[in-house]
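See below:
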């Protein structure tokens, strides 16, 4: 089932979806007499690609996910935070290539999550960092790569707890439960990933303190000429939104949230 998810989900990502529509239209144009239908379908594919390439639509898709939970302000709840002993970081991808620095071996998603966790860790005395992520399609568990980055920027190894057995978010939640038990903990993951992650934890009667990181939807103080052109950044936003909505639907169908 895990492999099925990884194979099927990318078919709904914006670039894949647009290519599928364009290929269907091209097939009708070349191999059938349905010329008008083929042209219409290809036009739909081009329009979809254009819409996904501008920030307006991706931002509308991502914003409800990213801002469901506000950024964690440490002085907003000092009594709660003083009792926190764990800061949990969910891994978001890596490639273990020994030729490059360890900071380049984790994805941008993982790096920004880890940096936010370290920021919080430095302000909360006595807590430990739980780094979560297994190997999945890589021989080296992601938690080990994140730990390498954490040590490189000065985090004491004795304050790092590694969870290396999980393959996906559902697995991470179960593994983390066995580590933190019923204790209060801060959960750090990407802002768009936070709603699904919190829902999975709450299903197991755990109550994380959300600390979203890596927001993609931002209010710019002034416009740039680049804002009026299509770009790959918007496509990545669309892909992220689609991935999370698919993940939420899948988790609901499986009774995980």
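In the numbering used here, the protein residues as written are 395 to 651.
For each residue, glycine too, the CB sits at the ideal point set by N, CA and C.
Measure the C-alpha to C-alpha separation of residue 404 and residue 533 and round it to an integer number of angstroms. 22 Å
For residue 482 and residue 582, which I take to be in contact (beta-carbon distance under 8 Å), what is that distance rounded to the nearest angstrom? 7 Å
With a Cβ-Cβ cutoff of 7 Å, do residue 464 and residue 631 count as a contact? No, the Cβ-Cβ distance between residue 464 and residue 631 is not below 7 Å.
Secondary structure, beta strand (DSSP E): runs of 3+ residues fully inside the segment 454-533: 480-484 and 522-526
May I ask whether a heavy atom of the ligand HEM can be found less than 6 Å away from the beta carbon of residue 530? Absent from the structure shown: the ligand HEM. Ligands present: none.
Return the chain-ordered list of same chain residues with a C-beta closer than 7 Å to the C-beta of residue 396, the five sequence neighbours on each side being excluded. Around residue 396: 561 and 562.
Cut-off 8 Å between Cβ atoms - residues of its own chain near residue 477, not counting five sequence neighbours on either side: 578
Does the count of Cβ pairs from the segment 580-598 and the segment 496-514 closer than 8 Å reach three? yes
With a cut-off of 8 Å, do at least 3 Cβ pairs link the segment 515-532 to the segment 484-495? yes
How many Å lie between residue 620 and residue 627 at the Cα? 11 Å
Going by DSSP, which residues form a beta bridge with residue 626? DSSP output for residue 626 lists no bridge partner at all.
Own chain, CB closer than 6 Å to residue 542, minus 5 neighbours either side, in chain order: 496
How would you label residue 499, buried or exposed, when you count the other beta carbons within 10 angstroms and need 16 or more for buried? buried
Closest by CA to residue 462, which one among 568, 612, 622 and 586? Closest option to residue 462, Cα to Cα, is 586.
DSSP beta-bridge partners for residue 546? The partner list for residue 546 (beta bridge, DSSP) is empty, contrary to what the question assumes.
Touching by the beta-carbon criterion (3+ pairs, under 8 Å), the segment 590-599 and the segment 639-650: yes
To the nearest angstrom, report how far apart residue 553 and residue 521 are at their CA atoms. Here the C-alpha atom of residue 553 lies approximately 8 Å from the C-alpha atom of residue 521.
For residue 606, write down the residues that DSSP places opposite it in a beta bridge. 583
Beta-carbon proximity check, residue 515 vs residue 525, cutoff 7 Å: no
Among 642, 639 and 609, nearest to residue 460 - alpha-carbon criterion: 609
Local Cβ density within 10 Å of residue 551, reported as buried at 16 or more and exposed below that: exposed
If you reduce the DSSP assignment to three classes, tell me which class residue 714 lands in. Any property of residue 714 remains undetermined from this structure, which presents the chain solely from 395 to 651.
Among the residues of its own chain, which have a CB less than 7 Å from the CB of residue 567, if the five just before and after it don't count? 594, 595 and 598
Applying the criterion that 16 or more other CB atoms from any shown protein chain within 10 Å of the CB defines a buried residue, is residue 634 buried or exposed? buried
Could you please give me the residues that DSSP links to residue 557 through a beta bridge? 526
So, are the CB atoms of residue 439 and residue 415 less than 7 Å apart? yes
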